[in-house]
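A quick write-up on the structure given underneath.
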Ligand SMILES: [Zn+2]
Ligand SMILES: [Zn+2]
């Protein structure tokens, strides 16, 4: 198996960092934690058609989205323009004792405000 010979030539195809190989099944980027299947790498044809948006998603934007509850509309008066409708979502703060924060965004002017 070519595994041991090729391991020094494995680079993260997202950020270019040399990958570590903690397992025979996958290689892991120490920087962005992206894992590549060893079989895929050995298949040589690594695709470079990944868009910047996909990279951002891979790099952890998804962890922010995970915390969001789906946007819904609520009757809330915008303190800036007086519009009576806003979208809102709640987000759990990192430290558990901070509880949940509700964020509002005015549907007319986009003004954002929050409420604990
Ligand atoms: Zn990387
Ligand atoms: Zn407004």
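Residue numbers (our numbering): 10 to 125.
Where a beta carbon is used, it is the ideal one built from N, C-alpha and C, also for glycine.
| Asked | Found |
| --- | --- |
| Any non-hydrogen atom of ligand 2 closer than 6 Å to residue 89 Cβ | yes |
| Proximity test, residue 40 beta-carbon vs ligand 1 heavy atom, cut-off 6 Å | yes |
| Heavy atom of ligand 1 within 6 Å of residue 29 beta-carbon | no |
| Alpha-carbon to alpha-carbon, residue 108 and residue 86 | 24 Å |
| Proximity test, residue 35 beta-carbon vs ligand 1 heavy atom, cut-off 6 Å | no |
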